[in-house]
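Peer 1:
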Amino acid sequence: MDKGTRMRAEATFELTQSIASGVCNQEGSDVEVEEDFDVELNDDEPFFLRGKTSRSTGIDMPPVKLFKNPEGSLTRAALLQSALVKQRREIREEQKRILDSMPKDFNRSWEDPVPEIGARCLAHEVEDFLGSSGHTIPEWKKEVFGKACSFGKKSNSSIEEQRKSLPIYKSKKELVKAVFDNQVLVVIGETGLGKTTQITQYLAEAGYTAQGKIGCTQPRRVAAISVAKRVAEEFGCRLREEVGYAIRFDDCTGPNTVIKYMTDGFLLREILIDNDLSQYSVIMLDEAHERTIYTDVLFGLLKKLLKRRSDLRLIVTSAAPDAEKFSGYFSNCNIFTIPGRSFPVETLYTKQPESDYLDAALKTVLQIHLTEPEGDILLFLTGHEEIDFACESLDNRRKELGNNVPDLIILPIYSALPGEMQSRIFEPTAPGKRKVAVATNIAEASLTIDGIFYVIDPGFMKQNVYNPELGVESLLITPISQASAKQRAGHAGRIGPGKCYRLYTENAFRNEMSPTATPEIQRINLAEIVLSMMAMGVRDVFSFDFMDSPSFQALVSAMDQLYGLGALDEEGLLTKTGRLMAVFPLGPPLSKLLVASEYLGCSDEILTIIAMIQTGNIFYRPREKQAQSDKKRSNFFHPQGDHLTLLAVYEAWKAKGFSDSWCHENFVQAQSLRRAKDVRKQLLTIMDRYNLDIVSAGANVMKITKAIAAGFFFHTAKKDPQGGYRTLINNQTFYIHPSSALYSRQPNWLIYHEVVMTTKEYMREVTVIDPKWLVELASRFFKAADPKNMSKRKC
Numbered sequence: 001m002d003k004g005t006r007m008r009a010e011a012t013f014e015l016t017q018s019i020a021s022g023v024c025n026q027e028g029s030d031v032e033v034e035e036d037f038d039v040e041l042n043d044d045e046p047f048f049l050r051g052k053t054s055r056s057t058g059i060d061m062p063p064v065k066l067f068k069n070p071e072g073s074l075t076r077a078a079l080l081q082s083a084l085v086k087q088r089r090e091i092r093e094e095q096k097r098i099l100d101s102m103p104k105d106f107n108r109s110w111e112d113p114v115p116e117i118g119a120r121c122l123a124h125e126v127e128d129f130l131g132s133s134g135h136t137i138p139e140w141k142k143e144v145f146g147k148a149c150s151f152g153k154k155s156n157s158s159i160e161e162q163r164k165s166l167p168i169y170k171s172k173k174e175l176v177k178a179v180f181d182n183q184v185l186v187v188i189g190e191t192g193l194g195k196t197t198q199i200t201q202y203l204a205e206a207g208y209t210a211q212g213k214i215g216c217t218q219p220r221r222v223a224a225i226s227v228a229k230r231v232a233e234e235f236g237c238r239l240r241e242e243v244g245y246a247i248r249f250d251d252c253t254g255p256n257t258v259i260k261y262m263t264d265g266f267l268l269r270e271i272l273i274d275n276d277l278s279q280y281s282v283i284m285l286d287e288a289h290e291r292t293i294y295t296d297v298l299f300g301l302l303k304k305l306l307k308r309r310s311d312l313r314l315i316v317t318s319a320a321p322d323a324e325k326f327s328g329y330f331s332n333c334n335i336f337t338i339p340g341r342s343f344p345v346e347t348l349y350t351k352q353p354e355s356d357y358l359d360a361a362l363k364t365v366l367q368i369h370l371t372e373p374e375g376d377i378l379l380f381l382t383g384h385e386e387i388d389f390a391c392e393s394l395d396n397r398r399k400e401l402g403n404n405v406p407d408l409i410i411l412p413i414y415s416a417l418p419g420e421m422q423s424r425i426f427e428p429t430a431p432g433k434r435k436v437a438v439a440t441n442i443a444e445a446s447l448t449i450d451g452i453f454y455v456i457d458p459g460f461m462k463q464n465v466y467n468p469e470l471g472v473e474s475l476l477i478t479p480i481s482q483a484s485a486k487q488r489a490g491h492a493g494r495i496g497p498g499k500c501y502r503l504y505t506e507n508a509f510r511n512e513m514s515p516t517a518t519p520e521i522q523r524i525n526l527a528e529i530v531l532s533m534m535a536m537g538v539r540d541v542f543s544f545d546f547m548d549s550p551s552f553q554a555l556v557s558a559m560d561q562l563y564g565l566g567a568l569d570e571e572g573l574l575t576k577t578g579r580l581m582a583v584f585p586l587g588p589p590l591s592k593l594l595v596a597s598e599y600l601g602c603s604d605e606i607l608t609i610i611a612m613i614q615t616g617n618i619f620y621r622p623r624e625k626q627a628q629s630d631k632k633r634s635n636f637f638h639p640q641g642d643h644l645t646l647l648a649v650y651e652a653w654k655a656k657g658f659s660d661s662w663c664h665e666n667f668v669q670a671q672s673l674r675r676a677k678d679v680r681k682q683l684l685t686i687m688d689r690y691n692l693d694i695v696s697a698g699a700n701v702m703k704i705t706k707a708i709a710a711g712f713f714f715h716t717a718k719k720d721p722q723g724g725y726r727t728l729i730n731n732q733t734f735y736i737h738p739s740s741a742l743y744s745r746q747p748n749w750l751i752y753h754e755v756v757m758t759t760k761e762y763m764r765e766v767t768v769i770d771p772k773w774l775v776e777l778a779s780r781f782f783k784a785a786d787p788k789n790m791s792k793r794k795c
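Numbering-wise, full-length UniProt numbering puts 485 at position 485 of the sequence shown, and it's gapless, one number per residue.
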């Protein structure tokens, strides 16, 4: 090519990025590299939001009020524990850096730190969980999950006898009659009475499946799966036959399924396809007190549907004392109360506030273990990271007490824990031993653990909260509500008199905890739910019959985002793009990315990338082979970033015939790739159903990166000379995650998938972009910057 000749856009982009990353040298190249190009925000508002967005009003989304008393002891304790979590991460990372700097023996064969995997009869997912982290497996995990941990003798009662022993059985006839007499029925009863597993079966036995399916929603995926397995066993069938479950990307139902457990989000998507839910005779919204965003929208949609379908029955169940609110929403419908079997619970408060509630909780566990009569312990903590730390610390402290201390079986319980491990929590405790279950709030209402006599409640939980200033959702440690505190205490009195140790003062309970938790619809980004509602025919989301309405600014912000993505037009109506986006079980950015990939000619590759993103962590680093693992991983790194790195991993696995042994050789989690393959297949089915073409970009990488920019332009960041990256929309400073393919390259412009708050605000799944694409693909939000302003910024 002659000196000064211009290249095609694709070639220019690739060469520019190669120069930026240091792969090529600009000096002596035959390409004219264009002058700096910059973009700025477009302040134009769509007609239907004119005068309503923050661009004209200057009023941003109000921050979510998470603390009833911002100056109280619970607020201080939550902030301190968040700081301690961050400190523990920094210590772990420093230890990891020291280990990484030590010489490694590359030829040493890897010794499995948990031998005899097969002998334990645990699933592959358990093996992945135990052996895939970059650290040595803690002793407490090996003792509880790796060895034949000694539990007590299981009950010899038949399934029928177990069903009849549940408190709800005494109310069976009255309950079935109440459902027959009332189109809407609110059912109230504490955890452990049998509401979730028995009501569906009672109605099936009463003949309700002759007119349609009985659908039961759950707020958590793990609950939908575990309950369906148990009900199938009781019903006398295999899972997927008369009883099944359905969650996102996993539909385990068949043509003969009559009892269907599903997440509330899955039922919402079914309404998108069938507004009348014509396949169902009964819908049961279980655990309604959780007030997830999907359940809240289902309330409004079903309330309207019941007027069209007089034959449909709706049951709303709750383990919290909020029956009157549910009843009032559904035109003062009847309330059916299931008598409990609670015994007295002695509630103990601290005399002074506990600043470090985690340390106080561990001391309380050992105090109970050493001084109190037999009975298992339930300790509530906020998340799996905190729980794992607590379990390891507890195990170490127990050993320091010597061999004369009775055995203490330490069992974690949280949603991400593999099912095989979760089942250990339900094993009876052997005589002379004590079990301590260390759980998230999943154990408040979704699980009932027998044998609990002592509950330790630090008073905190993690909540997903949208931060409008950062433009991201974060899991934050917050105080629980008074209703949650009462539910936690109730676990101590299920089978006999018990004790609840509240690690906060009685004053904090009365004056710093809200009566009930803030509904999810008032604390998260609403773009996804608004898109779904509009696709279901809700034309005016501002006047929708919410039980508790979100803020006006939150709805405006959601619609503004959808307008920017091309899902809404100038009048606020769904576009063709918006209707297609709504059919995918993905958030708006990912669904826009998939829709855009068709007309950009790269849908085949984007399908794979999205599927890989959905599966979580792909690589693992055994401590004994960290250097080899890092080298293998770097072989997949793509100069354009992490999205194409994920694509490279999947394509290499595919080329090897989807081999598990290839995964082992390359330190890739086979289970994650198998899940990605399943997700991809399901997304492909949806694309076929709506006649969307599957097109490959071939070697044209720019098509793929442009498609990513089309969906995630809200997450654009530019390199900051002062360090890190500044986001274009929120002007926040973020950093590339150390695990990224771009960590050592630091390009000028990039798009990120998400931000994780660890020791810093790290961007994950980042990809290099050309800033000109923002003006081309997202002109509703960006425009080319004025060259005069650019010159001023350089000065």
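Yeah, the Cβ is synthetic: ideal placement off N, Cα and C, and Gly gets one too.
Quantities reported herein were computed from a predicted structural model and do not represent experimental measurements.
Spatial neighbours of residue 724 within its chain, please: C-beta separation below 7 Å, excluding the five flanking residues on both sides.
Peer 2: Contacts found: 733, 734, 735.
Peer 1: Write down every uninterrupted run of the beta strand (DSSP E) in the stretch 486-538 whose length is 3 residues or greater and which is fully enclosed by it, in chain order.
Peer 2: You should have 498-502.
Peer 1: Could you tell me which of 432, 181, 268, 386 sits nearest to residue 529, measuring between CA atoms?
Peer 2: Comparing Cα positions, the closest option is 268.
Peer 1: Are the beta-carbon atoms belonging to residue 348 and residue 386 less than 8 Å from one another?
Peer 2: No, Cβ-Cβ distance for residue 348 and residue 386 is not below 8 Å.
Peer 1: On the criterion of 16 or more Cβ atoms from any shown chain inside 10 Å, does residue 631 qualify as buried, or is it exposed?
Peer 2: Exposed: under 16 other Cβ atoms inside 10 Å.
Peer 1: CB residue 191 to CB residue 445, shorter than 8 Å?
Peer 2: Closer than 8 Å, so yes.
Peer 1: How about residue 227: is its Cβ closer than 7 Å to a heavy atom in the ligand ADP?
Peer 2: What this structure holds is no ligand at all, so the ligand ADP is not there to describe.
Peer 1: Buried or exposed for residue 354, please, with buried defined as at least 16 other CB atoms from any protein chain shown within 10 angstroms of its CB.
Peer 2: Answer is buried; the Cβ neighbour count reaches 16.
Peer 1: Along the chain, where does the alpha helix (DSSP H) containing residue 581 start, and where does it finish?
Peer 2: Segment 576-582, the alpha helix (DSSP H) holding residue 581.
Peer 1: Nearest to residue 495 by alpha carbon, out of 579, 374, 462?
Peer 2: Answer by Cα proximity: 374.
Peer 1: Are the CB atoms of residue 588 and residue 527 nearer to each other than 8 Å?
Peer 2: Cβ atoms of residue 588 and residue 527: closer than 8 Å.
Peer 1: Just the Cα atoms here: how many angstroms apart are residue 401 and residue 223?
Peer 2: Going from the Cα of residue 401 to the Cα of residue 223 covers about 37 Å.
Peer 1: Under DSSP, the alpha helix (DSSP H) around residue 369 begins and ends at which residues?
Peer 2: First-last of the alpha helix (DSSP H) with residue 369: 357-371.
Peer 1: Using three-state DSSP, classify residue 479 as helix, strand or coil.
Peer 2: Strand.
Peer 1: Quick check: what's the CA-CA separation for residue 782 versus residue 666?
Peer 2: Distance between the alpha carbons of residue 782 and residue 666 is about 41 Å.
Peer 1: Classify residue 605 as buried or exposed, calling it buried when 16 or more other Cβ atoms lie within 10 Å of its own Cβ.
Peer 2: Buried.
Peer 1: Whose CA, out of 477, 484, 175, 430, lies closest to the CA of residue 443?
Peer 2: That would be 484, whose Cα lies nearest to the Cα of residue 443.
Peer 1: Using DSSP's beta-bridge definition, name the partner residues of residue 283.
Peer 2: Its beta-bridge partners are 215, 314.
Peer 1: Locate the alpha helix (DSSP H) running through residue 599, then write down its first and last residues.
Peer 2: It spans 588-599 - the alpha helix (DSSP H) in which residue 599 sits, taken as one unbroken run.
Peer 1: At 4 residues or longer, and completely inside the stretch 245-282: list those alpha helix (DSSP H) runs for me, N to C.
Peer 2: If we require 4 residues or more, the alpha helix (DSSP H) runs fully inside the stretch 245-282 come out as 264-273.
Peer 1: Closer than 6 Å by C-beta to residue 796: which residues in its own chain qualify, once you throw out the five before and the five after it? Chain order, please.
Peer 2: This structure gives no information on residue 796, because the portion of the chain shown stretches from 1 to 795.
Peer 1: Would residue 313 and residue 187 be called neighbours here (beta carbons separated by less than 8 Å)?
Peer 2: Cβ atoms of residue 313 and residue 187: not closer than 8 Å.
Peer 1: Please report how far the alpha carbon of residue 777 lies from the alpha carbon of residue 767, in whole angstroms.
Peer 2: Each residue's Cα considered, the two are about 16 Å apart.
Peer 1: So the alpha helix (DSSP H) residue 181 belongs to, where does it begin and stop?
Peer 2: Run containing residue 181: 172-181, per the alpha helix (DSSP H) assignment.
Peer 1: Skipping 5 residues on each side, what residues in its chain have a beta carbon closer than 7 Å to that of residue 279?
Peer 2: The answer, listed in chain order, is 212, 213.
Peer 1: In the stretch 590-673, which residue ranges form an unbroken alpha helix (DSSP H) of at least 4 residues, counting only runs that do not cross its ends?
Peer 2: 603-614, 626-634, 642-655, 660-665, all fully within the stretch 590-673.
Peer 1: Please classify residue 681 as buried or exposed, where buried requires at least 16 other C-beta atoms within 10 Å of its C-beta.
Peer 2: Exposed.
Peer 1: Should residue 675 and residue 615 be called a contact, given that it needs their Cβ atoms to be closer than 8 Å?
Peer 2: Contact: yes.
Peer 1: Taking only three categories from DSSP, how would you classify residue 701?
Peer 2: It is helical.
Peer 1: Using the three-state DSSP reduction, which class does residue 433 fall into: helix, strand or coil?
Peer 2: If DSSP states are grouped into helix, strand and coil, residue 433 belongs with coil.
Peer 1: Between which two residues does the beta strand (DSSP E) harbouring residue 467 extend?
Peer 2: Residues 460-467.
Peer 1: Return the first residue and the last residue of the alpha helix (DSSP H) that residue 295 is part of.
Peer 2: Its alpha helix (DSSP H) spans residues 293-308.
Peer 1: Is residue 555 helix, strand or coil when you go by DSSP?
Peer 2: DSSP places residue 555 in helix when its eight states are reduced to three.
Peer 1: Does the separation of the CB atoms of residue 232 and residue 239 fall below 8 Å?
Peer 2: Yes, these two residues count as a Cβ contact at 8 Å.
Peer 1: Return helix, strand or coil for residue 545, following the three-state DSSP convention.
Peer 2: Coil, per DSSP.
Peer 1: Taking Cβ positions, are residue 74 and residue 504 nearer each other than 8 Å?
Peer 2: It is a contact, given that the beta carbons lie within the stated cut-off.
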